[in-house]
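Notes for the one structure printed next.
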Amino acid sequence: AGVSWEQIKNDQQSTDNVLHVGMGTQMQRFSPLDKINTDNVEHLYPAWAFSFGGEKQRGQESQPLVHDGKMFVTGSYSRAWAIDVKTGEEIWQYEQRLPDGIMPCCDVVNRGGALYGDLFIFGTLDAKLVALDQETGDVVWSETMADYKEGYSYTAAPLIVNDMVVTGVSGGEFGVLGRVEARDAKTGEMLWSRPTVEGNMGYVWKDGEKTENGISGTRGETWPGDMYKRGGAATWLGGTYDPETDLIYFGAGNPSPWNSHMRPGDNLFSSSMLAIEPETGKIAWHYQKTPHDAWDYDGTNMCIPFDSDGEKYCASADRNGFFYVLDRTNGDLESATKFVNEVNWAEKVDMETGRPVETGKRPGDPSETEGSKGESVFVTPSFLGAKNWMPMSYNPNTGLFYVPTNEWGMDIWNEPITYKAGAAYLGAGFNIQPLNEDYIGAVRAIDPKTGEIKWEAKNNAPLWSGTMTTAGGLVFYGTPEGYLKALDAETGEELWKFQTGSGVVGQPITWEMDGDQYVSVTSGWGGAVPLWGGEVAKRVKFLNQGGSVWVFKIPDGLKQ
Ligand SMILES: O=C(O)c1cc(C(=O)O)c2c(n1)C(=O)C(=O)c1cc(C(=O)O)[nH]c1-2
């Protein structure tokens, strides 16, 4: 049976499947299931585990999907599997034949696919979008999103909106042109393309005919010269869709190059949240979190829709250390509060202007110094962020967001750089430093009405897994040390943990089958930390690589 848009729209409410990344296009990662709860979660045991094989054991960041007796999960190196969800038996495997020369910045990861109709659609490290037959794994269509030789790749799970498949691009470290694009999910045919760097032309396609669809913002406003043409603002994390406002919310990443002295101006729409109209691909509003970003604070963290006191908001926990609450109908800033202890680049966000009040922690201009290295500064958070890609969750029962956070800083300096297609375009060097002996990570429960942190659960290694929360009063998340854990959503008390054998940097899900509630997560340490983590990477060098997906339930004999 094909997956319809109506079913996908209802994903958060429906408990017998997981049809969309984020457990619904709003991506609250909340399940109304309460069969597993604070009273019985201690009895959770593996139902089965599936290995991705002994080779290619790298970061497994995928969120599995469950539909019609099958689990669909992607793995590192652009691989995908369909697994019998009852038995754990493989149904099919797909592996993208990756060319030499792919350039993902931050490990060979993939964060999951999308179900639509009879298709399972996922993006690849060579910047293709591949649609597989759910039954057989055969390729139904395959479209090139962009040229991998110029540094483009894709790692995010696609977003389904009204029978369209909506994607971004990765490649912000290579001077790419960030954009959000919509295709016909059935055929892969292009519908519109919206650049996320101010000054670039958008396009729409009708009957295969490509026509101009207006410039994003105003050309020449916030970028010098023609730097807007390779301004980055990669949309590498994907976005959310809210049926209530009928808007797509997409973060746009760091401006290229990192060296901010080369690009005077605010550099819209880098490090910003954008609301995009799904029918037209036009930008409805934008809010820039880090104007003229000098620290790779990026801005791709999703805006998660939630309602409070009858108002429609969305919340974004940014790499820059601020937890933003925006009016999701118009982008007005409601609040911005620090959610990690150390944020030294800005004192606060000015509520009148919506802009950060900076403290003078911009790395020096290398063109003003002898040699080629500008003055280095110590900045918190580090560019890997107070929160990186790993998704937070929102529990409407507690009214709290559960945010995977990290405390760290960096030395950062600028260097001269010239653009060369397909080469790194940073103009910066860095070294990430831990700030505390005993922990880097912490799950924090944040009240979006006040910004207050209700509780925290610290973790030695940096957290790199998403959280999921349930009506059973639980918060699930993984640790690089290998555990999947369950906390009490009210208090943060640890109620359960299971060692999966490799770091958990995935996105937990839950569903119901034959009267039982199940929980699943992938296991396999990797992602940006071991590659770019500097002193922190050294601290966690002992962690195992891996590649598996785990499914848990409470065995019959232990049910209460
Ligand atoms: O600018 C980009 O295009 C881009 C892409 C990606 C990616 O696709 O994974 C990451 C980042 N930036 C990035 O800045 C970052 O910290 C990061 C961490 C990870 C990861 O999977 O662990 N990916 C990425």
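Going by the numbering used here, the residue at position 61 of the sequence shown is 61; the numbering climbs one at a time, nothing skipped.
Glycine residues also receive a C-beta, built at the ideal position from the N, C-alpha and C atoms.
The structure presented is a predicted model; accordingly, all values stated were derived computationally and were not measured.
Cβ-Cβ separation, residue j to residue i (assumed contact under 8 Å), whole Å
i, j, result
"Q7", "A82", "18 Å between Cβ atoms; not a contact."
"N544", "G501", "7 Å"
"T144", "G123", "Contact doesn't hold; Cβ gap of about 11 Å is too wide."
"G188", "A114", "Their Cβ separation, rounded to whole angstroms, is 12 Å, which puts G188 and A114 out of contact at 8 Å."
"W192", "A182", "5 Å"
"V357", "E347", "5 Å"
"P448", "Y313", "7 Å"
"L484", "V41", "L484 to V41, Cβ: 11 Å. No contact."
"Y116", "V3", "6 Å"
"D34", "T470", "7 Å"
"Q60", "T479", "No, Q60 and T479 are not in contact; Cβ-Cβ is about 14 Å, not under 8 Å."
"W413", "K458", "W413 to K458, Cβ: 30 Å. No contact."
Cβ pair residue i, residue j closer than 8 Å
i, j, result
"G451", "P404", "no"
"L247", "T300", "no"
"M302", "R29", "no"
"Q499", "G526", "no"
"S367", "H261", "yes"
"R319", "N388", "yes"
"L400", "I446", "yes"
"W464", "M390", "yes"
"P508", "F476", "yes"
"W141", "L384", "no"
"L65", "G24", "no"
"T245", "G22", "no"
Simplified DSSP assignment, three categories, for residue i
i, result
"S393", "strand"
"K458", "strand"
"V505", "coil"
"G123", "strand"
"Q26", "coil"
"G534", "helix"
"D266", "coil"
"H286", "strand"
"S376", "coil"
"R539", "helix"
"V475", "strand"
"A336", "strand"
"P404", "strand"
"D556", "helix"
"I91", "strand"
"K485", "strand"
"I446", "strand"
"K70", "strand"
"V176", "coil"
"D5", "Contrary to the premise, residue 5 reads as Trp rather than Asp in this sequence. Here W5 sits in helix by DSSP."
"E42", "helix"
"A185", "coil"
"V85", "coil"
"S260", "helix"
"E494", "strand"
"P366", "helix"
"V197", "coil"
"V519", "strand"
"V529", "helix"
Pick from the options that is closest to residue i, judged by C-alpha positions
i, options, result
"T136", "L119, T124 and G151", "L119"
"R58", "V505, T353 and A489", "V505"
"Y419", "V551, E494 and W258", "W258"
"A233", "P224, M273, P396 and T240", "M273"
"L326", "E311, N320 and R319", "E311"
"K9", "I412, S62, R97 and V161", "V161"
"I283", "M201, D147, D514 and S393", "M201"
"E89", "S51, V139 and S316", "S51"
"E150", "V140, V166, T87 and L125", "L125"
"E97", "T87, A421, R79 and V85", "The sequence given here places Arg at residue 97; Glu does not occur at that position. Considering only alpha carbons, the answer is R79."
"D107", "G546, V529, K86 and G547", "V529"
"A489", "E456, Q507 and P508", "E456"
"E584", "G251, D514, S256 and E244", "For residue 584 there is no data in the structure shown, the boundaries of the chain being 1 and 560."
"I215", "F250, S153, T280 and V176", "T280"
"G307", "D298, T329 and G321", "Inspection of the sequence shows that residue 307 is occupied by Asp rather than by Gly. If we check each option's Cα against that of D307, T329 comes out closest."
"G253", "T240, G239 and T235", "T235"
"G354", "D11, N344, L65 and Y324", "Y324"
"L426", "A294, V180, I102 and G546", "A294"
Residue i Cβ short of 7 Å to ligand 2 heavy atom set
i, result
"T290", "For ligand 2, the structure offers nothing, since it holds only ligand 1."
May I have a chain-ordered list of the beta strand (DSSP E) segments no shorter than 3 residues that lie completely inside the stretch 207-249? 209-215 and 239-242
Runs of beta strand (DSSP E) lying entirely within the stretch 129-166, each at least 3 residues, in chain order: 139-144 and 159-161
Please list the segments of the beta strand (DSSP E) lying wholly inside the stretch 299-361, counting only runs of 3 or more residues, in order along the chain. 304-308, 311-317, 322-327, 333-338, 346-349 and 356-358
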